[in-house]
Amino acid sequence: MIQLPGLIDTHVHLREPGATQKEDFETGTKAAIAGGYTVVLDMPNNPETTTSLKALNKKIRLAGEDRDFTDHQSEKTPGKRAKIEHPSRIYCDVGFHFGASPDSIAHFQAVRKKVFGLKIYMNHTTGTLLIEDKKILEEIFSSWPSHKVIMVHAEGETLEKAIRLARKFKKRLHVCHLSLKDQIEMVKKTKLSNMDITCEVTAHHLFLTREDVKRLGPFGMMRPPLATKTDQGALWNGIKDGTVDTIASDHAPHTKEEKQNIPTPNGIPGLETTLPLLLNAVSEKRLTMDDIIRLCHTNPARIFNIPIQKDTYTEIDPNNRYSINDKHLFTKCKWTPFKGMGVKGKVKRVILRGQTIFENGEFKTGPIGKVIYPAS
Ligand code: NCD
Ligand code: ZN
Numbered sequence: 021m022i023q024l025p026g027l028i029d030t031h032v033h034l035r036e037p038g039a040t041q042k043e044d045f046e047t048g049t050k051a052a053i054a055g056g057y058t059v060v061l062d063m064p065n066n067p068e069t070t071t072s073l074k075a076l077n078k079k080i081r082l083a084g085e086d087r088d089f090t091d092h093q094s095e096k097t098p099g100k101r102a103k104i105e106h107p108s109r110i111y112c113d114v115g116f117h118f119g120a121s122p123d124s125i126a127h128f129q130a131v132r133k134k135v136f137g138l139k140i141y142m143n144h145t146t147g148t149l150l151i152e153d154k155k156i157l158e159e160i161f162s163s164w165p166s167h168k169v170i171m172v173h174a175e176g177e178t179l180e181k182a183i184r185l186a187r188k189f190k191k192r193l194h195v196c197h198l199s200l201k202d203q204i205e206m207v208k209k210t211k212l213s214n215m216d217i218t219c220e221v222t223a224h225h226l227f228l229t230r231e232d233v234k235r236l237g238p239f240g241m242m243r244p245p246l247a248t249k250t251d252q253g254a255l256w257n258g259i260k261d262g263t264v265d266t267i268a269s270d271h272a273p274h275t276k277e278e279k280q281n282i283p284t285p286n287g288i289p290g291l292e293t294t295l296p297l298l299l300n301a302v303s304e305k306r307l308t309m310d311d312i313i314r315l316c317h318t319n320p321a322r323i324f325n326i327p328i329q330k331d332t333y334t335e336i337d338p339n340n341r342y343s344i345n346d347k348h349l350f351t352k353c354k355w356t357p358f359k360g361m362g363v364k365g366k367v368k369r370v371i372l373r374g375q376t377i378f379e380n381g382e383f384k385t386g387p388i389g390k391v392i393y394p395a396s
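Going by the numbering used here, the sequence shown opens with residue 21, and the numbers climb by one from there.
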């Protein structure tokens with residue numbers, strides 16, 4: 021048995037509120053714990069975007085933070101204005117990212133102590149948060165507090181644009197889901213120029229290529245799309261030479277039915293498969309346990325200023341061989357593009373603040389997660 025610190029996934033889409041047919045706080049955080057994560061940071065591209073203090077507070081409340089809040093349903097019934105007990109619904113700790121939009125700039129000051137990063141969508145993807153206007157982008161970059169991270173979804177040429185803006189306004193830039201060789205090279209070069217830039221890769225870009233799309237069809241479609249073997253090789257080299265700072269799941273569940281619609285929504289679930297795939301890479305000597313700790317714990321905590329909890333661990337059995345299946349998944353969408361893949365290395369037990377929350381495939385407690393806020 022090997023004990024790792026509780027792992028951190030800084031890029032997940034828990035889908036609540038607004039798309040709970042795909043996932044909700046309960047199912048998403050159960051999937052996180054079962055996948056070995058004790059902390060996840062949730063993205064703002066819900067149908068009702070996280071772009072105001074009100075929307076952020078609503079998420080916090082839905083996750084179960086403000087246990088005592090006025091039930092708005094009963095407010096409509098005079099005389100029945102009851103305070104209801106609202107228990108926590110989250111199994112792991114959850115923090116939030118804020119979304120950039122022309123209207124959200126006015127809320128930056130009010131939310132800055134509550135959120136971990138600002139997410140700017142500079143390319144089309146799920147949701148309505150795309151921003152292409154140069155003036156608005158400049159206003160966003162200049163207004164976000166300098167000590168906090170700006171995360172960008174920036175594919176292709178947009179990456180260069182994001183780097184230019186971060187340099188101009190002296191901001192910290194974290195590039196999400198790098199998938200191409202050119203992008204890795206650009207980030208590597210930018211790091212050498214002494215700019216505060218970090219980057220993330222996802223498990224699906226490390227373990228799948230565009231060849232797999234033939235087999236997976238819509239279930240292999242996400243943003244950025246799966247790339248070539250050469251691109252994939254560059255991501256692995258980026259891990260080895262220190263260019264890559266974090267590995268995230270970009271857990272982006274859609275229902276099976278939705279995935280078979282045209283147009284296909286982009287995104288795949290990943291919380292329960294990322295660590296098993298990484299452990300398997302350790303068993304094949306493509307990665308070390310220290311790499312996993314650095315990429316999925318130490319660096320995410322440092323970059324996003326995540327408070328570290330006492331007595332919080334993920335125990336893994338490095339010798340357990342099995343094939344990934346969809347039967348035992350806790351994610352509401354109940355599918356994975358990695359179905360049938362043989363791996364070696366399994367999550368055995370997860371301990372959150374001294375309590376065993378998950379062991380041998382079963383939950384041992386109720387939802388004991390907390391909404392978390394940046395350490396400083
Ligand atoms: C994400 C989603 O579905 O919310 N989809 C995806 O393909 N990655 C959005 C995103 O992160 O781009
Ligand atoms: Zn995402």
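Idealized CB from N, CA, C, for every residue including glycine. Everything numeric in this text was worked out from a predicted model, so none of it was measured.
Closer than 6 Å: residue i CB and nearest ligand 2 heavy atom
i, result
"Gly-272", "According to the sequence shown, residue 272 is Ala rather than Gly. It does: the Cβ of Ala-272 is within 6 Å (strictly closer) of some heavy atom of ligand 2."
Pairwise C-alpha distance: residue j and residue i
i, j, result
"Ser-162", "Ser-303", "45 Å"
"Met-242", "Leu-179", "18 Å"
"Lys-154", "Lys-211", "24 Å"
"Leu-24", "Tyr-141", "33 Å"
"Val-207", "Thr-263", "7 Å"
"Gly-381", "Asp-346", "13 Å"
"Pro-283", "His-144", "13 Å"
"Glu-231", "Lys-249", "9 Å"
"Phe-239", "His-224", "12 Å"
"Gly-360", "Ile-344", "5 Å"
"Val-221", "Ala-247", "12 Å"
"Val-169", "Lys-191", "7 Å"
"Cys-353", "Trp-164", "35 Å"
"Gly-386", "Glu-68", "28 Å"
"Leu-150", "Trp-355", "28 Å"
"Arg-235", "Ala-126", "46 Å"
"Lys-181", "Val-172", "11 Å"
"Gln-41", "Pro-273", "10 Å"
"His-31", "Thr-332", "20 Å"
"Val-60", "His-117", "10 Å"
"Glu-177", "Met-21", "45 Å"
"Pro-394", "Lys-134", "7 Å"
"Asn-300", "Val-114", "27 Å"
"Thr-49", "Arg-187", "36 Å"
"Gly-237", "Thr-229", "12 Å"
"Glu-36", "Arg-109", "12 Å"
Backbone secondary structure at residue i - three-state DSSP
i, result
"Leu-27", "strand"
"Arg-101", "For Arg-101, the predicted structure reports a pLDDT of 46, less than 50, and the residue's modelled location is therefore unreliable. The matter cannot be settled from this model."
"Asp-113", "strand"
"Cys-219", "strand"
"Thr-133", "Per the sequence presented here, residue 133 reads as Lys, with Thr not at that position. In this structure, Lys-133 counts as coil in the three-state DSSP scheme."
"Ile-377", "strand"
"Arg-341", "strand"
"Gly-365", "strand"
"His-224", "helix"
"Leu-200", "coil"
"Leu-299", "helix"
"Thr-229", "coil"
"Thr-266", "strand"
"Arg-192", "strand"
"Glu-382", "strand"
Any non-hydrogen atom of ligand 1 within 6 Å of residue i CB
i, result
"His-173", "yes"
"Gly-287", "yes"
"His-33", "yes"
"Met-242", "yes"
"Asn-345", "no"
"Asn-65", "yes"
"Thr-145", "yes"
Residue i burial status per 10 Å Cβ neighbour count (16 or more: buried)
i, result
"Tyr-342", "exposed"
"Leu-185", "buried"
"Lys-209", "exposed"
"Asn-339", "exposed"
"Met-63", "buried"
"Gln-203", "buried"
"Gln-252", "buried"
"Arg-314", "buried"
"Ser-121", "buried"
"His-167", "exposed"
"Glu-158", "exposed"
"Lys-366", "buried"
"Pro-289", "buried"
"His-317", "buried"
"Pro-107", "exposed"
"Asn-319", "buried"
"Asp-270", "buried"
Neighbour flag for residue i against chain D, beta carbons, 7 Å
i, result
"Ile-170", "In the structure shown, chain D cannot be found, because there is only a single protein chain."
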